[in-house]
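Peer 1: Each residue of the sequence shown is one higher than the last, beginning at 98 in the numbering used here. Note that CB positions come from ideal geometry on N, CA and C, so glycine has one too.
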Amino acid sequence: MPDIDDLDKPADEWCRHCIAGRGCSIYLDRPKLCRDFLCRWMLDDGLGDEWDPLKSHMMVYGQGRQITILADPDRTDLWRHEPYMSQLKNWATGAAPTGGYVIVFWRDEVVKI
């Protein structure tokens with residue numbers, strides 16, 4: 098989970114507005130920062146339901162040439178298993194010719210694919 102300064106939310110901690118099993122308690126009035134953010138699963142019609150953050154326990158988004166994966170620290174390295182790892186490798190292979198790369202943040206690990 099990302100660090101969000103505007104919400105005083107440190108990395109790998111739930112936002113104070115998140116209600117377990119229900120979602121964002123301020124969804125209708127959420128800040129512009131939250132309104133503007135769309136993860137790759139919402140933007141890429143080619144990604145299957147397995148990439149839904151509620152199922153994959155990962156948030157995937159682009160930052161310039163970098164594809165960033167924020168993996169749920171409470172899930173034991175789920176991102177290393179299928180169907181995820183092969184897609185991460187495909188993204189890395191596709192990004193490499195233009196200097197791009199895929200990076201996974203999980204707990205204290207930072208892994209370049």
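What would DSSP say about L167, mapped onto helix, strand or coil?
Peer 2: Position 70 of the sequence shown, counting from 1, holds the residue named residue 167. Note: L167 maps to strand in three-state DSSP.
Peer 1: Per DSSP, which residues does K209 bridge with? Please list them.
Peer 2: In the sequence shown, counting from the first residue as 1, residue 209 sits at position 112. For K209, which the question treats as bridged, DSSP gives the partners I200.
Peer 1: Between which two residues does the alpha helix (DSSP H) containing Y181 stretch?
Peer 2: Sequence index remark: in the sequence shown, residue 181 carries index 84 (1-based). Run containing Y181: Y181 to A192, per the alpha helix (DSSP H) assignment.
Peer 1: So, for S122: in the same chain, excluding its five sequence neighbours on each side, which residues have a beta-carbon less than 7 Å away from its beta-carbon?
Peer 2: Mapped onto the sequence shown, residue 122 falls at position 25. Excluding residues within five positions, the ones whose Cβ falls inside 7 Å are H114 and I116.
Peer 1: DSSP has I101 in a bridge; who is on the other side?
Peer 2: For this step, residue 101 is matched to residue 4 along the sequence shown. Answer by DSSP bridge pairing, in chain order: K106.
Peer 1: Taking only the alpha-carbon atoms, compute the straight-line gap between P170 and P107 and give it to the nearest angstrom.
Peer 2: For the purposes of this step, residue 170 is identified with residue 73 of the sequence shown, where counting begins at 1. For the purposes of this step, residue 107 is identified with residue 10 of the sequence shown, where counting begins at 1. The alpha-carbon atoms of P170 and P107 are separated by roughly 13 Å.
Peer 1: Of all the options K152, K186 and N187, which has the alpha carbon lying nearest to the alpha carbon of R172?
Peer 2: Mapped onto the sequence shown, residue 172 falls at position 75. Residue K152 is the option with its Cα nearest to R172.
Peer 1: Which residues mark the beginning and the end of the alpha helix (DSSP H) in which W138 is found?
Peer 2: Counting from 1 along the sequence shown, the entry for residue 138 is found at position 41. Its alpha helix (DSSP H) spans residues R137 to L140.
Peer 1: Since C112 is in the alpha helix (DSSP H), which residue starts that stretch and which ends it?
Peer 2: Indexing the sequence shown from 1 puts residue 112 at position 15. That residue, C112, is in no alpha helix (DSSP H); it is neither H nor E in DSSP.
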